[in-house]
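Student: For the sequence shown, the working numbering assigns the number 58 to the initial residue and increments by one for each residue that follows. This structure is in structure tokens; I'll ask about it shortly.
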Amino acid sequence: GAKSVESLNKGLEILGDLLRSLNIDIASELTYKIQNIVTSADLGSGINLNKIAVGFNLERIEYEPEQFPGLVYRLEEPKVVVLLFGSGKLIITGGKEPEDAKRAVLKIVDDLKGLGLL
């Protein structure tokens, strides 16, 4: 994985040069497709996962604290998966654009405020 488009382009350039130095026939320009952007965020305060699990739409929630300490929340728009932790930290996965993570965090904050949990 890469942390930025710039580092991805640099990595592709290095890979292309390496393959060419090994006389491996490759396209003159390597291309890529972003499949999954993983982002972390912090709500700035702790959250009660038990109350969130009860308050959110149960069809899109997985919360089994005996097996995993985070609550899994599957958003439909943007289509991402958010892992919420009691510390208030979030991991957003599945985004195709950097904006997906920002929209997901705003949605989570709105949902939590709507339930009086933030």
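We treat Cβ as the ideally placed atom computed from N, Cα and C, and that holds for glycine.
1) Tell me the DSSP secondary structure of G151 in three-state form.
2) Excluding the 5 residues flanking A158 on each side, which residues of the same chain have their C-beta closer than 6 Å to its C-beta?
3) Considering only residues of the stretch 58-123, which uninterrupted beta strand (DSSP E) runs meet the minimum length of 3 residues and lie entirely inside it, listed in chain order?
4) Quick one: what does DSSP say V166 is sitting in, helix, strand or coil?
5) Keeping to the same chain, check which residues put their C-beta closer than 6 Å to that of E134; ignore five residues upstream and five downstream.
Tutor: By the coordinates alone:
1) Of the three classes helix, strand and coil, the one that applies to G151 here is strand, per DSSP.
2) The beta carbon of A158 sits closer than 6 Å to those of T96, I149, G152, all from its chain and outside the five residues before and after it, given in chain order.
3) Taking 3 residues as the minimum length, the beta strand (DSSP E) runs contained wholly in the stretch 58-123 are 94-99, in order along the chain.
4) Correct three-state label for V166: helix.
5) Contacts found: none.
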